[in-house]
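Peer 1: Taken in order, these protein sequences are the chains called A and B.
Note that my numbering numbers the first sequence so that position 600 is 609, with each residue one more than the last.
Note that my numbering numbers the second sequence so that position 490 is 499, with each residue one more than the last.
Got a structure here, written out as structure tokens. Questions coming.
There are 2 protein chains.
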Amino acid sequence: MVSQDALVVFTPSGRRGRFPIGTSVLQAARTLGVDIDSVCGGRATCGRCQVVLSEGEFPKHGICSCAENLSERGENEYAWEKINGAMIDGRRLSCSTTVLGDVVIDVPADSQVHRQVVRKSAEALDIEVEPPVTLHYVEVQQPDMHLPSSDLRRLKEALEFDWRLTDLQVDMRVVQELQGVLRQGNWKVTVAVLDGERIIAVWPGMREKVYGMAVDVGSTTIAAHLCDLKTGEVLASAGRMNPQIRFGEDLMSRVSYVMMKPGGDREMTREVHLSLNDIATQLAAAAGIDVAEIIDATFVGNPIMHHLLFGINPIELGGAPFALATDEAIAGLPATEMDLHIHPGARVYGLPCIAGHVGADTAAVILSEMPYATDVMTLIIDIGTNAEIVIGTRERLLAASCPTGPAFEGAQISCGQRAAPGAIERVRINPDTLEPRFRVIGCELWSDEPGFAEAIAEIGITGICGSGIVEVIAEMYLARIIDQDGVVDGTLATRTPRVKASGRTFVYTLFENEERTLQITQNDVRAIQLAKAALSASIRLLMDKLHIDTIDRVRLAGAFGSHIDVKYAMILGLIPDCTLEHVAAVGNAAGTGARIALLNRRRREEIEVVVRRVDKIETAVEPCFQQYFIEAMAIPHKHHSYPKLRSVVTLPEPRVSESAVSTGRSRRGRRDRPAIEEAQA
Amino acid sequence: MVSQDALVVFTPSGRRGRFPIGTSVLQAARTLGVDIDSVCGGRATCGRCQVVLSEGEFPKHGICSCAENLSERGENEYAWEKINGAMIDGRRLSCSTTVLGDVVIDVPADSQVHRQVVRKSAEALDIEVEPPVTLHYVEVQQPDMHLPSSDLRRLKEALEFDWRLTDLQVDMRVVQELQGVLRQGNWKVTVAVLDGERIIAVWPGMREKVYGMAVDVGSTTIAAHLCDLKTGEVLASAGRMNPQIRFGEDLMSRVSYVMMKPGGDREMTREVHLSLNDIATQLAAAAGIDVAEIIDATFVGNPIMHHLLFGINPIELGGAPFALATDEAIAGLPATEMDLHIHPGARVYGLPCIAGHVGADTAAVILSEMPYATDVMTLIIDIGTNAEIVIGTRERLLAASCPTGPAFEGAQISCGQRAAPGAIERVRINPDTLEPRFRVIGCELWSDEPGFAEAIAEIGITGICGSGIVEVIAEMYLARIIDQDGVVDGTLATRTPRVKASGRTFVYTLFENEERTLQITQNDVRAIQLAKAALSASIRLLMDKLHIDTIDRVRLAGAFGSHIDVKYAMILGLIPDCTLEHVAAVGNAAGTGARIALLNRRRREEIEVVVRRVDKIETAVEPCFQQYFIEAMAIPHKHHSYPKLRSVVTLPEPRVSESAVSTGRSRRGRRDRPAIEEAQA
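Shown next, in the form of structure tokens:
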């Protein structure tokens, strides 16, 4: 008997090969490495492996693909449709369809394992889903006294036979549970495998869903997303204050707490672990799942948050030389070691820190924005309680933290406050009358629009947040209330009562009612100047290191980056000159990076390699930093040309919506990537 | 400048190579893979790397090796000698001696890493020491703000530079401790690495010693040895009753307990873990070390003990098909997961079980006796509360358990007892008078020797132990008190009052005083016949499987095997005929196997491979077992020739000393390996 071969071509991958007549389509796909999903291992029960025959002549392949060249619909498919309803569009179960002659087979997007998750509108790149934890359904041989073999060995044989998983390690806990689970599931079980290497869970029967959480541990807030590890979909999000705040508002005060109180680090570690359990419970409840169905978790945070999270005393990060305990990724750490009560076999992954001041959050931003994958010179600025910058291309990447202090968060400003309802976030000053108008978080109206007073009555006007501070100082500069050196012009007191003396300097009154007066003092201007000078000098220093004097594009990450008006950031000299359309806010890029690491194991390896290549610059010890810092105190930089900035400020109103402020996400429109690509062309 | 080379030859390895003038001897040795110890990494502080110059002409190598061809004694060596005393025999520190010309260098045995530990006199083979956990002293670069790098990275760089250890993983706990330890040790630390792959511990300064324990968890007793992981030396031994005894004397009653009481398995697991902690503490105290210096532990035990030890419910082992949860080695399990309070970074290793009735203890016996490494057909019998047998050669190995019941331990015998002071362990019966004489554990005299009554007064005569039972039954057979079918000859009642009726059968009175009467009843004879028939039939079945009818040598493992007189074992037909000198007791071979696995990582891999090749025979389900069993009830086997046995019984007195009984170790003389080798030649 001569075996006859058939040519099988898969689209859209274009992979092709010859197979003996009678080979199943799924088998052919697997042999060619074509991406077809299957949960049941070819038992015609999961329905994930559906494909469609492409009929017609394919001269390029030398094939006439027709229905006769596939086996007829059989018992398996009818049985499946009886339970699940008819398949659409003449689809077939590839596991139950055999090849009888040359065919072209199309694999629909929803039958592919590596689906892409479309990121939220705020994000530009899709995430390819290839999670570290995968599920595998198997039917295990029952024990036979004549062929003694352990339950684990027979489980592994099934995994090897059906899923080609070999040399698997196994958690002790799985070994402990295995015999009960196998018998409970009547020898049919689903196994969770980590990195294709280790069995971390086993459930009776078939299980198709498993979940993971991506967590951004900030100094102020902890934010988390719950994702379906199969589809990549975000099912729930949650956030809460970092409970460590009671040990100190900012990072340094938390380190001081540890210095003063031995064991204080363990106390803070415990607090954040408790909080993570609350968040996990909240996420699970919101998504209607059991918290024990969460089997993976990724974490990002600045170095001190990172160290406290993983039970490392952060004291060395509190002073020079700012040595990290580790700059490797924390991989494969059992969740139980963090007292995290998700699935007991879950492992957690912490992205790597980069340097003493540049943390896993920055690594996550890099992973999300991928400056290492382009020739476009990119500057990423992540302003949180601290500011970190990354500059470079695929050739070379530099990273540094900037000693900005918390002014951009509204701290150290006389009437500053966090971005919350009641905070002024937008300001315009009429250059002729010097009268301001403004908008307040929680209210859609400008202060000079009709109905504002009524609309604001309940919220109140309580202070000014980071983006408001940036705008008011920039507007004061444009209205010449302050000069290039940031000095409030006292002579204007004669033109408007809003400018008046306060001690030996002058203040500008932004708002006043019977309850409170919101004034911008000379010290407030100085605080912003210091912060922006630190940022600006750091950027310039890194540009020097790269021997460049222009940036192709700027990415603003973090809440502040999403809320500020880019135009005003440029007026102040916060960011280098660059065509406005090449500047974009990218939202919580650190959180996105955590989500990418959760959903794709190759991206974990990618960022681990990339961070090793990042050059870390400790700006404070660089000889020219001080000079750059002094120069950058001016508004804008002394080395910037004013006319160029003037052209910038004539651009239209920004598209950042005020409602984005309270949700922490901007409703920006399209991203500028196409524009950049044009620019390159 | 032309670089000049020197020829360096190392003895005893014979490795040779050419090196540039000025190369250190240690460096040359490492390059050639010559085994020279070094703890300090070439810093001339540990003194482990001593070598001796072999002076003279070496025509074979074409060398004249003279003192001028080595660098002169330098500062390092003088400094070392000042602290440690002069080196013997003109030895040199190889790390501080450089090559100036052709030399022959001898590496003394005590400078080799892979030293051999001479096993106790009871053991034949030496154990090569190559432990999974190794110590590495390094001096770590201090952090530099200008070259940001984590403490862990610099530690790893030092380990790579000094020790060629690359791609090390690291325990989270080590990362958590690292910064403190580095600073406490002033950047000099000692690191413990597991399997050359993972950092599991770090201590400030230099540490040269670390320890491990090898534990045999028996149903009745738990026995453990504490070993120096560098020298392999046994520093302390400890043993205690298995606390699970209160849940059931034998294995099946413990499984029954679990069946009746949910959670009973966890209760028993906890008990054995508590006991292990007591043992660890006791061992550490005996050796004068801290219990936290124990960083490795290996475990053996029968399947039910193994499963309970590792927290696996043993219920499946209580009934057909006797499925093990796992038949793999338990490797790399954190000691903390067993609540074992030794070094917190310690891992434990459990040897693999082989089948539902053939456990990790048998694997350890195989590892110790290595039947897989010889062409000599070997039978190993391990009689504990159960009996396991292994037969084969390097070609093929078979293993089985035998349903002997506990008769050989003195249970199920009317006057039986455990081997303890007061138990009769040796018996002789005068074939003419039918009068017995005997010896009792705890007394050196035979019962018919002068002074016996006084000597025994304090101990008392309380029962008969396993070896005593075997001897008395064999002697009763030789004296024709019982016939080949084991029936007590009632007609002898006329010749001696020691034989008398008891119901419908007859008994033989071994001892009688005002306190107690020790009699051998017909049921006692039957119990031993059943036990020996089970063992004997199992052996015959396995021999059938191998198509053999002779055995080259027999190894008796376990306490019973060490105590019985081989001659009587043969008379009863317990073991197949085989020249007496080819039978040897090998003591606690399971414990020795545990110790081998503790001290040598390659032997762990070896036994993992070997057990996969062992064919497990479930004797009870084999068709001819029943027939063999019935045939083997006779004394000796029906298929054995009596005359051959007669020659055996004329052999001299056994050399097993009675004092060995209480210590659990026999004082056997030389092992018969040379004889076997002769036999092969």
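We put the CB at the ideal spot given by N, CA and C, even for glycine.
Quick caveat, the model's predicted, so the values are computed rather than measured.
For A/Y517, count neighbouring C-beta atoms within 10 Å of its own C-beta (all shown protein chains included) and say buried if the count is 16 or more, exposed if not.
Peer 2: When all chains shown are included, A/Y517 counts as buried.
Peer 1: Please work out which residues of its chain come closer than 6 angstroms, Cβ to Cβ, to A/V183, disregarding the five sequence neighbours upstream and downstream, and give them in chain order.
Peer 2: I208, V211
Peer 1: Quick check on the DSSP output: what are the complete beta strand (DSSP E) runs of length 3 or more inside the segment 467–521 of chain A, in order along the chain?
Peer 2: 508–511, 514–521
Peer 1: Under three-state DSSP, which class holds A/D305?
Peer 2: strand
Peer 1: By alpha-carbon positions, which one of B/G205, B/P141, B/G365, B/T40 ends up nearest to B/A329?
Peer 2: B/G365
Peer 1: Report the start-end ranges of each alpha helix (DSSP H) in the segment 360–428 of chain A that is 4 residues or longer and not cut off at the edges.
Peer 2: Whole alpha helix (DSSP H) segments, 4+ residues: 369–378.
Peer 1: So what does DSSP say about A/W196, is it helix, strand or coil?
Peer 2: coil
Peer 1: Please name the residue in A/F67, A/S47, A/H70, A/G65 whose C-alpha comes closest to that of A/Q59.
Peer 2: Measuring from the Cα of A/Q59, the nearest candidate turns out to be A/S47.
Peer 1: Can you pull the chain A residues whose beta carbon is under 7 angstroms from the beta carbon of B/H155, in chain order?
Peer 2: Chain A residues near B/H155: E627, V630.
Peer 1: Quick one: list the residues of chain B neighbouring A/V184, beta-carbon separation under 9 angstroms, in chain order.
Peer 2: Within chain B, the residues near A/V184 are F319, G320, I321, A334, T335, E337, I339.
Peer 1: List the residues of chain B whose Cβ lies closer than 8 angstroms to the Cβ of A/M181, in chain order.
Peer 2: F319, G320, I339, L342, E346
Peer 1: Start and end of the beta strand (DSSP E) containing B/M7?
Peer 2: As displayed, chain B neither begins before 10 nor continues past 690, which places residue 7 of chain B out of reach and without an answer.
Peer 1: At a Cβ threshold of 9 angstroms, is A/S159 touching chain B?
Peer 2: yes
Peer 1: According to DSSP, is A/G248 part of a helix, a strand, or is it coil?
Peer 2: strand
Peer 1: Taking all protein chains shown into account, decide if A/S511 is buried (16 or more other Cβ within 10 angstroms of its Cβ) or exposed.
Peer 2: exposed
Peer 1: Provide the residue span of the beta strand (DSSP E) that contains B/W212, from first to last.
Peer 2: From DSSP, the beta strand (DSSP E) with B/W212 extends over 207–213.
Peer 1: Please state whether DSSP places A/Q528 in a helix, a strand or coil.
Peer 2: strand
Peer 1: Closer than 7 angstroms between beta carbons: that is the criterion. Which residues of the segment 399–422 of chain B meet it against chain A?
Peer 2: none
Peer 1: Decide if B/A466 is buried, meaning its Cβ has at least 16 other Cβ atoms within 10 Å, or exposed.
Peer 2: exposed
Peer 1: Per DSSP, B/I114 is paired with what?
Peer 2: Answer is B/F19, B/L62, bridged to B/I114.
Peer 1: Using a Cβ cut-off of 9 angstroms, which residues of the segment 134–155 of chain A contact any Cβ in chain D, in chain order?
Peer 2: Within the model displayed, chain D is absent; protein chains A and B are what it includes.
Peer 1: Name the one or two DSSP bridge partners that A/V436 has.
Peer 2: A/F447
Peer 1: Here's a check: name, in chain order, each residue in its chain whose Cβ is nearer than 6 angstroms to the Cβ of A/R25, leaving out the five neighbours to either side.
Peer 2: V18
Peer 1: Between the alpha carbons of B/A488 and B/S246, how many angstroms are there, rounded?
Peer 2: 42 angstroms
Peer 1: Under 9 angstroms between beta-carbons, which chain A residues line up against B/L349? List them in chain order, please.
Peer 2: Ordered by position in chain A, no residue passes the 9 angstroms Cβ test against B/L349, which lies about 13 angstroms from the chain.
Peer 1: Would you kindly report the start and end of the unbroken beta strand (DSSP E) that includes A/P152?
Peer 2: Run containing A/P152: none; DSSP gives neither H nor E here.
Peer 1: Hey, how far is the Cα of A/Q178 from the Cα of B/A306?
Peer 2: A/Q178 and B/A306: Cα-Cα distance of roughly 20 angstroms.
Peer 1: Identify the continuous beta strand (DSSP E) that holds A/M222 and give its terminal residues.
Peer 2: For A/M222, the enclosing beta strand (DSSP E) begins and ends at 220–226.
Peer 1: Would you list the residues sitting across from B/S74 in a DSSP beta bridge?
Peer 2: B/G65
Peer 1: How many angstroms separate the CA atom of B/V618 from the CA atom of B/R405?
Peer 2: 13 angstroms
Peer 1: By a C-beta neighbour count over all protein chains shown, 10 Å radius and 16 as the cutoff for buried, is A/D384 buried or exposed?
Peer 2: exposed
Peer 1: State the Cα-Cα distance for the pair A/P21 and A/G194, rounded to the nearest angstrom.
Peer 2: 38 angstroms
Peer 1: Taking just the CA atoms, how far does B/G310 sit from B/V226?
Peer 2: 5 angstroms
Peer 1: Taking 9 angstroms as the cut-off, decide whether the C-beta atoms of B/G221 and B/V108 are in contact.
Peer 2: no
Peer 1: Step through the CB atoms of chain B and report whether any lies within less than 9 angstroms of the CB of A/S22.
Peer 2: no
Peer 1: If we ignore side chains and look at the alpha-carbon of each, how far apart do B/R275 and A/M181 end up?
Peer 2: 15 angstroms
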